[in-house]
Structures are given as C-alpha cells and as structure tokens.
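Using numbering that gives the first Met the number 0, the first residue of the sequence shown is number 0, and each one after it goes up by one. Think of the CB as a built atom: it goes at the ideal place given N, C-alpha and C, for glycine as much as any other residue.
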Amino acid sequence: MDTRLVVLGAGSWGLALSRLLGNKNYSVNLWDIDQEAITFLQQNHRHPRLLPGIELPNNVHPIHSLEEALDNAHYAIITVPSHAVRSLCKQLKPLISNDLTLINCAKGLDIESLQTMSEVIHDVLPDHSLDRIVVLSGPSHAEEVSRDIPTTVTISGNKLDHIQEIQDIFSTAQFRVYTNPDIIGVEMGGSLKNVIAIAAGACDGMGFGDNTKAALITRGLAEITRLGVKRGGNPATFSGLSGLGDLIVTCMSQHSRNRKFGELRAKGYTTEEALKEIGMVVEGLNTTDSGKRLADKLNVEMPIINEIYQVIYNNKPVEKAVLDLMTRNPKSENEIYA
C-alpha cells in the first residue's frame, strides 16, 4: 500500500516538510487556508518569500480543497500556527476517519483552555484514538531543513510501534528522528522555549553579551522544566531535543522570529511594529500570555516568563525587568522543582 500524506499549512515549516517527504518519493498533498498562496504554489512550486531558492518536487501537490487534500490520506501533518489548530480540527471533524494519524507540529498553548496542541486536537476530536495523535518537535528551523542541513527531532506518541512507523517516514540522512513517549513534556518544552527566546532577543537588543545569554538559557530551562513537570512531563525530556535543544536554537538563531521579536521590542519597537517588521507568526507572543496564566494556575514560579509578560503586555521597560530579575532574593541553583 502506498503511503499517502497531507500537509496542512503551507507556511515555511509546511513547505520544508513537504519537500523533505516529496524527496522521499511520497505523494504529498499540500493544503492551506490561503487560496492565493496555493494557486501561486501550483503555478510556481516555490515560495520566494518564505523559503527563497527552494523548489518543491513534482510529487508535492498544492490543493485548494481540504476535502480533496485529505482524500485517501494515511497521515495528516499539522503545520498551521498553534492559534489555528482548534479551528482546523473543527474543519477536519466531518472529513476524517479514526484511521487517519494526525501529526502535530505546531508549538504553543491554547490561549483560552491552556491545553497543549495534542490536547486541543483530542478536545475537538474526542472520538479520535489517542494512539493516532502524535507530535513532531525539536530544534528544526525550516530554512535549514529545506536546505538539507543536518537536523535532529523527536516524534512523540502513546504507541511505540506506531511512532516508529512515523520515525521511518520522516528519517533521512539529513533529518534524524528519535522517539519519545512523553507527549506532554515534548509539547511543553516546544511551546515555552518561544517565550525564553523573546527574552534572549531582548538581551541582544540591549547589547548584552554571552554571559547574559548563557544565564538566560540555563535559568529559562529551569522554568520550563518546573512547569512541564507540574503538567506531568518527564524531567529527562527537558534535557533532550524538544527541551534544551529547541531552547538553544530558538534563543541563538538569526532565523528565530521569537528572538527577533524580543530584539526589536528592546530596541524600542512596539509589538505591532515588531510583528509588521517580522511579517510572520511569532508563536511566543500568545504563549507568554498562556504560559504565565498556566504557571499562575498551577502555582509555579516563573520569574523570566513573568517579566517578559510585563514587558509585552504592561509596557514595563526592559532595563527594569532585567534589574528585577537580577535583584531577586538569593536562591539555591538546585531549586529546580521548588
């Protein structure tokens, strides 16, 4: 039986994964809500703004109709922004069977329910088997994956033999895939790192150095781990690809929209001006809000995320946020789960 795949979302990540899978000779349907974008891809098989110089193989088929795109698909790969996952799943509900495996690649927490994306999917599709809701995450900028730069990620799900099948589908000599059964931990790490990356960008915008960035990443990981473990994640997951790995790449990379957003805000841009300059979704913006509210709800101390929230939503000066972080009451470094 030929494995048929559909990628839902023609942003940079959806394009990169479509190219990767198409180059493995899979038949890939590519759908997006932006019909003009699909028409352009049908005519040109490339997107010069999102992934300059990258061509899609001929077995990637941009399709306008969601129903047509899903026809006979075995795996649906969700690459839309996290805020669009719930509405997408509502569209999917009358069109899919329980045999379809949903592979979520979106990184974020639902702004209203504070659920992870796999929980959102199951919330909208309660009859869909949890074994067929899996997560792909890790340090993987689309710009580099599309140019076959060596990348390593994690696939997470409840049923080992099933996620091993997906591991095989995605694996190439340039794209190495590990398995991890800890869905909550994988998703929490992939979501919260975007907030810490905004803080890392603010460090860049302020002209701080390597010492500051190293401290931020280390203490940021402690915060992510605290909240992730409180949600039921395995502590070891946060030292892995979807935790520390994704945190490092998002805090350090020039490709990172979240880091760029923090840099622009520290340089005096308003939120609206920074978003316009970047021109793409900044996942960490909503996650700053949802992450802070989840931490408050679960009574988890998150000083960095709290200060980023104050900067973004209450216009607190970055200089004051840094001072308040640096002059907090003395702590033991080992108080990770306190």
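Here the alpha carbon of Ile-37 sits roughly 53 Å from the alpha carbon of Ser-331. Scanning Cys-250, Ile-307, Asn-333 for the CA closest to the CA of Asp-323 turns up Ile-307.
DSSP places Arg-225 in the uninterrupted alpha helix (DSSP H) bounded by 209-229. Below 8 Å, enough C-beta pairs join the segment 67-77 and the segment 2-16 to call them touching: three or more.
Fully contained in the segment 114-195 are the following beta strand (DSSP E) runs of length 3 or more, in chain order: 132-136, 150-155, 174-179. Tyr-268: not part of any alpha helix (DSSP H); DSSP gives it neither H nor E.
Annotation: Asn-233 to Thr-153 spans about 14 Å, alpha carbon to alpha carbon. Annotated three-state conformation of Ala-198 is helix, per DSSP. Annotated three-state conformation of Val-59 is strand, per DSSP. Look at Glu-54 here: in three-state DSSP terms it is strand. By the Cβ neighbour-count rule, Asn-103 is buried, with 16 or more other Cβ atoms within 10 Å of its own. Contact between the segment 190-200 and the segment 255-269 is present: three or more C-beta pairs spanning the two stretches fall below 8 Å. One Cα belongs to Glu-67, the other to Val-27, and the distance between them is close to 12 Å. Leu-191 and Lys-229 have their C-alpha atoms some 14 Å from each other. About 16 Å separates the beta carbons of Ser-238 and Glu-186, which is beyond the 8 Å limit, so they are not a contact pair. Secondary structure of Tyr-25 (DSSP, three-state): coil. The DSSP-derived three-state label of Arg-18 is helix.
By the CB criterion at 9 Å, Thr-151 and Ile-195 fall outside the cutoff.
In chain order, Pro-56 place their CB closer than 6 Å to the CB of Asn-22, counting only its own chain and leaving out the 5 sequence neighbours on each side. In terms of Cα proximity to Lys-291, the closest of Leu-65, Leu-40, Ile-110 is Ile-110. If you check the CB distance, Met-205 and Glu-318 come in under 9 Å. Excluding sequence positions up to five before and after Glu-142, its CB lies within less than 6 Å of the CB of His-254, all in the same chain and listed in chain order. The three-state reading of DSSP puts Leu-108 in strand, counting E and B together.
Between the segment 214-230 and the segment 173-189, the count of Cβ pairs shorter than 8 Å is three or higher; the stretches touch.
Contact check between the segment 40-56 and the segment 78-91: fewer than three CB pairs, one atom from each, fall below 8 Å, which does not count as touching.
Counting the other Cβ atoms within 10 Å of the Cβ of Ile-148 gives fewer than 16, which makes it exposed. Here Gly-10 is near Met-279, since their CB atoms are less than 9 Å apart. DSSP places Arg-292 inside the alpha helix (DSSP H), whose first and last residues are 282-297.
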